[in-house]
Every structure is written in C-alpha cells, then in structure tokens.
Amino acid sequence: MVRFRVDAADIKKNVVDLLKIIKTRSFQPILAAVYFKAAGDKLLMVGATQEAQLYVESGAVIEEEGEFLLPAKIAADIFKDAEGEVHFEISEGNVFIKMESVEYKLRVVPADDYPYKEVPTFEGRLTLPSEVMDLIVKKVAIAAATDPVDIMSGVLLEFEEGKVTAVASDNYRLAWYEFGIDNQLVGERYIVPQAVFARLADISDEEVYLTFSEGKVFAKGDRGAVLISNLLQGSFPNWRQVIPQMHTTMIEFEKREFQQALKRVVPMAEDRRSGVKLSISSEKIVLEIMNSQFGEVKSNVPLLSFEGEEMEITFGINYLAAGVDAAEEDTVVLKLAGPMSAAYLSSGKFNYILVPMRVI
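Each number in my numbering comes from the position in the sequence shown (counting from 1) with 6 added on.
(1) To test your reading of the DSSP string, which unbroken beta strand (DSSP E) runs of 3 or more residues are found completely within the segment 123-163?
(2) Going by other Cβ atoms of all chains shown within 10 Å of its Cβ, with 16 needed for buried, is T127 buried or exposed?
(3) Taking a contact to mean a Cβ-Cβ separation below 8 Å, would you say S161 touches A151 in this structure?
(4) Should D23 go down as buried or exposed, given a rule of 16 or more other Cβ atoms within 10 Å for buried?
(5) CB Y183 to CB L134, shorter than 8 Å?
(6) My parser needs the alpha helix (DSSP H) runs of 4 or more residues fully inside the segment 59-100; what are they?
(7) Please name the residue, chosen from Y178, Q200, K29 and E260, that lies closest to I249 on a Cα-to-Cα basis.
(8) Select from F94, A39 and N100 the residue whose C-alpha is nearest the C-alpha of I395.
(9) Are the Cβ atoms of V202 and S235 separated by less than 8 Å?
(10) Tell me whether E263 is buried or exposed, calling it buried when 16 or more other Cβ atoms sit within 10 Å of its Cβ.
(11) Anyone know if the C-beta pair for G53 and I17 falls short of 8 Å?
(12) Roughly how many angstroms lie between the CA atoms of F42 and A332, to the nearest whole one?
(13) What residue range does the alpha helix (DSSP H) around V21 cover?
(14) If distances are taken between C-alpha atoms only, which option among E129, E71, F185 and Q56 comes closest to P121?
(15) For the alpha helix (DSSP H) that contains K269, what are its first and last residues?
(16) Just verifying my parser: in three-state terms, what is the DSSP assignment at V361?
(17) Measuring alpha carbon to alpha carbon, tell me which of L284, L309 and K304 ends up nearest M317.
(18) Considering G179, what are the terminal residues of the beta strand (DSSP E) in which it resides?
(19) So what does DSSP say about P35, is it helix, strand or coil?
(20) Using CA coordinates, which residue listed in I209, A88, V170 and D176 is at the minimum distance from G193?
(21) Please state whether DSSP places R229 in a helix, a strand or coil.
(22) State the CB to CB distance for the pair Y110 and V232, rounded to an integer number of angstroms; the pair is presumed to be in contact (CB under 8 Å).
(23) Is it true that the segment 338-349 meets the segment 250-259, where meeting means three or more beta-carbon pairs spaced less than 8 Å apart?
(24) For L206, which of S136, E95, D13 and A66 has the nearest alpha-carbon?
(25) With DSSP as the reference, label A332 as helix, strand or coil.
(26) Check this for me: beta carbons of G221 and Q200, under 8 Å apart or not?
(27) With 16 other CB atoms within 10 Å as the buried threshold, where does P362 fall?
(28) Please go through the same chain and pick out, in chain order, the residues whose beta-carbon is closer than 6 Å to the beta-carbon of N357, but skip the five residues on each side of it.
(29) Mind checking which residues open and close the alpha helix (DSSP H) that includes F6?
(30) Is it right to say D119 is buried, meaning 16 or more other beta carbons lie within 10 angstroms of its own, or is it exposed?
(31) Below 8 Å between beta carbons: does that hold for V143 and A66?
(32) Tell me whether A349 sits in a helix, a strand or coil according to DSSP, three-state version.
(33) Helix, strand or coil for Y110, going by three-state DSSP, please let me know.
(34) Who does A11 pair with in a DSSP beta bridge?
(35) Expressed to the nearest angstrom, what Euclidean distance is found between the alpha-carbon atoms of L360 and A117?
(36) On the DSSP bridge list, what partners appear for S285?
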C-alpha cells in the first residue's frame with residue numbers, strides 16, 4: 007500500500023521538466039517512465055536516459071511510503087491540466103490517481119529495477135547565476151552543431167582566474183562569451199552538451215552549483231533539483247586560431263535597423279539556407295536576395311561608421327540572422343578581410359565568427 011498527496015502545480019511543473027530529459031521511445035522501456043518515490047515528507051521524481059538524469063523533489067503529505075513508475079507519455083497527459091491536490095494510492099496492483107473531477111486507475115509498473123533511485127550528493131565547485139545559463143543558451147549554443155554525437159554539438163567551458171569562457175562552433179561559425187566569475191577550476195576545460203544549459207535554467211531561479219568528475223557534470227539548482235549529464239569526450243579545436251587578426255573593412259550599424267532590413271528581404275529567399283549578399287559602401291549596406299524564379303529584392307541599412315574598403319560579401323541567411331539577433335547591445339561591429347575570409351561580428355561581450363558563402 008502506498009498513499010500520499012501532493013500539490014498539482016508542483017507535479018505538473020516537475021513532469022514538464024522531466025519530459026525534457028526522458029526519451030519516450032527509449033530502447034530501454036524502463037527509462038521511458040517517470041520514477042516516483044514517496045518517503046518522509048518528500049516526493050522524489052526522476053527522469054533519465056543513459057546520458058543524463060534529472061532528480062526533482064516536492065513537498066508531500068505521505069501516509070504510506072513507496073515507489074512506482076508511470077510511463078512518461080501517460081504522466082504528461084494526466085497532469086498537464088492538473089489543479090488543486092493530486093492524491094495517489096496503490097492497491098491490489100493498481101495505482102489510483104485522483105484529482106478534483108477525475109480519477110485514473112492504472113496498472114502499477116514496478117520500480118524494482120529502475121537504475122536511478124538515489125539522489126547523488128556532491129560539493130559544488132562552481133556557482134553560475136541563472137542569467138549566465140540563459141546567455142549561454144541564447145548567445146553561444148546557437149553556433150553549436152546539431153548532431154548530438156558530434157563533439158562540436160557541445161559548449162566548451164574554459165576556466166581562468168576570475169573568468170569563464172563559453173565557446174561553441176559548427177565549423178561554419180564560432181560564438182563565444184566571456185563571463186567574470188570566480189571559480190576553483192583554473193586551467194580546466196570541459197565540453198558540456200548544449201541541452202544541459204537549458205535544463206539548468208529550468209531547475210534554478212537564481213543560481214546553480216556545479217562540479218565536474220569522472221566524465222560527468224553534476225549540477226544542483228537552488229530549488230533542490232539535481233541534474234547529472236555525461237560530458238562530451240574528445241578534442242575541441244583550438245578556437246582562438248580561427249579568430250581573424252586583420253581586417254580591411256570595419257563597419258558599425260544599428261541592430262534593429264539590420265534586423266528589419268533582413269526581415270524585408272528574407273521572403274524572397276528560396277529557402278532559409280539561401281544566401282544574402284551584403285554590398286558595403288561608405289554610407290550603407292545594401293542587403294540583396296535573388297530568387298531564380300521570381301526576381302530580386304534589396305533593402306538598405308545606414309551605417310553608423312565605416313573604415314576601409316567597400317566590399318561585397320555573401321552569408322547564409324540563418325547564420326547571419328542568428329549572429330545579429332544574439333548581439334548584446336543596440337549596435338553591432340562587423341570586421342571583414344575580404345569576400346572569402348571569415349567575418350568577425352561583435353557586440354558587447356558577444357563575439358561571433360562567420361564564414362561567408364561561395365558564390366558561383
């Protein structure tokens with residue numbers, strides 16, 4: 007017999023967070039479920055894959071302790087509109103879930119063989135404010151490769167005295183951001199799966215505590231949730247070598263003006279992988295897209311400053327838009343060394359290297 011009740015808002019939030027970890031079509035069926043453990047005055051819920059595990063707790067009124075599993079997809083459907091209190095009771099091989107106007111009777115899935123029942127304990131060696139996770143997601147991870155098994159799909163963290171640098175690249179672009187953060191990891195570097203930072207933002211209000219050990223990152227949010235993830239193993243390229251050291255043209259423009267101009271020309275693109283040509287003169291940038299079926303479109307962006315040579319250069323629409331959108335300040339500086347050389351875009355502490363497209 008297991009019997010307890012918990013606030014619906016807590017369980018609904020926890021299920022949403024856990025489903026971002028769980029793979030509902032896992033080749034290990036037991037990992038396609040949410041683990042529940044009612045003990046003391048806490049309800050522990052766990053979602054896991056072989057690569058990552060998330061442990062979340064909430065207060066509960068527990069009359070009889072116990073554990074069980076619920077298939078993740080069923081849990082999502084049951085609790086998505088839950089309100090008030092949720093009552094659980096296990097009896098005669100069934101779990102009864104009662105809410106204000108509905109009662110579910112489900113066959114119990116035993117939890118005996120579930121591999122992630124105990125919350126790991128560790129001492130945090132690094133404290134990251136929640137805004138740092140947000141910045142890494144929005145301004146660094148945008149440049150990471152999308153294949154999760156690729157070493158370049160991660161975010162490199164490099165630790166120096168009083169500084170942490172986050173870096174990502176998919177070989178066509180490179181983004182990095184430097185954070186002034188005291189740490190005990192000087193000289194160390196780790197490649198963290200990009201999805202980890204979004205999950206860290208989910209489990210913390212103000213800050214998260216991390217440590218790195220045995221090929222894993224261990225993180226605890228300030229609400230008590232714990233996230234464990236495998237680190238990516240391999241050699242991240244020497245990213246500093248690709249930062250252009252020289253330029254022949256340097257321009258500055260308003261971020262919003264450029265975004266609006268790009269928005270005006272993009273509908274003419276054959277697809278989002280198409281290129282947009284930038285014709286740079288002393289007073290403006292002309293953005294141009296040609297469509298082989300329908301024609302062409304141009305839009306102007308006034309320059310705040312111009313140094314060097316006039317130039318024409320073409321970038322992939324998505325890559326260019328991502329860099330400008332991630333710009334930290336109202337203005338953007340773009341340094342160019344020729345139509346076939348990598349461009350260097352910067353704004354505040356945000357830095358972005360972009361490889362141009364070859365135009366045949």
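Ideal Cβ positions, reconstructed from N, Cα and C, are used throughout, including at glycine.
In short:
(1) Taking 3 residues as the shortest admissible run, the segment 123-163 contains the following complete beta strand (DSSP E) segments, listed from N- to C-terminal end: 132-135.
(2) By the beta-carbon neighbour count (other beta carbons within 10 angstroms, threshold 16), T127 is exposed.
(3) Correcting the residue type first, residue 161 is Val in the shown sequence and not Ser. No.
(4) In the assembly as shown, D23 is a buried residue. Its beta-carbon has 16 or more other beta-carbons within 10 Å.
(5) Taking a C-beta distance under 8 Å as the contact criterion, Y183 and L134 do not qualify as a contact pair.
(6) Every alpha helix (DSSP H) stretch that sits fully inside the segment 59-100 and reaches 4 residues is listed by chain position as 78-85.
(7) I249 has its Cα closest to that of Y178, out of Y178, Q200, K29 and E260.
(8) What is shown of the chain runs 7 to 366, which leaves residue 395 out entirely.
(9) Against a cut-off of 8 Å, the Cβ pair of S235 and V202 comes out as a contact.
(10) So E263 ends up on the buried side.
(11) Here G53 is not near I17, since their CB atoms are 8 Å or more apart.
(12) The alpha-carbon of F42 is positioned some 39 Å away from that of A332.
(13) Looking at the DSSP string, the run of the alpha helix (DSSP H) that includes V21 is A14 to L25.
(14) Nearest C-alpha to P121 among E129, E71, F185 and Q56: Q56.
(15) Unbroken alpha helix (DSSP H) run through K269: K261 to V271.
(16) Residue state, collapsed to three classes: coil.
(17) With distances taken between Cα atoms, M317 lies closest to L284.
(18) Contrary to the premise, residue 179 reads as Arg rather than Gly in this sequence. Following the DSSP letters along the chain, one finds R179 inside the beta strand (DSSP E) bounded by residues R179 to F185.
(19) Note: P35 maps to helix in three-state DSSP.
(20) Each of I209, A88, V170 and D176 was checked against the Cα of G193, and the nearest Cα belongs to V170.
(21) In this structure, R229 counts as coil in the three-state DSSP scheme.
(22) About 28 Å separates the two Cβ atoms, so there is no contact after all.
(23) Taking 8 Å as the limit for Cβ pairs, the verdict is that the segment 250-259 does touch the segment 338-349.
(24) Just measuring C-alpha positions, the residue of S136, E95, D13 and A66 sitting nearest L206 is S136.
(25) If DSSP states are grouped into helix, strand and coil, A332 belongs with coil.
(26) If you check the CB distance, G221 and Q200 do not come in under 8 Å.
(27) When all chains shown are included, P362 counts as buried.
(28) Counting only Cβ-Cβ distances below 6 Å, and skipping sequence neighbours, we find W182.
(29) Because the chain spans 7 through 366 in this model, residue 6 falls outside it and cannot be assessed.
(30) Its Cβ having fewer than 16 others within 10 Å, D119 is exposed.
(31) Against a cut-off of 8 Å, the Cβ pair of A66 and V143 comes out as no contact.
(32) Three-state DSSP puts A349 in a strand.
(33) If DSSP states are grouped into helix, strand and coil, Y110 belongs with the strands.
(34) The residue you asked about is not Ala; residue 11 is Arg in the sequence shown. Per DSSP, the beta-bridge partners of R11 are V67 and H93.
(35) When rounded, the separation of the alpha-carbon atoms in L360 and A117 is 49 Å.
(36) Answer is V292 and E318.
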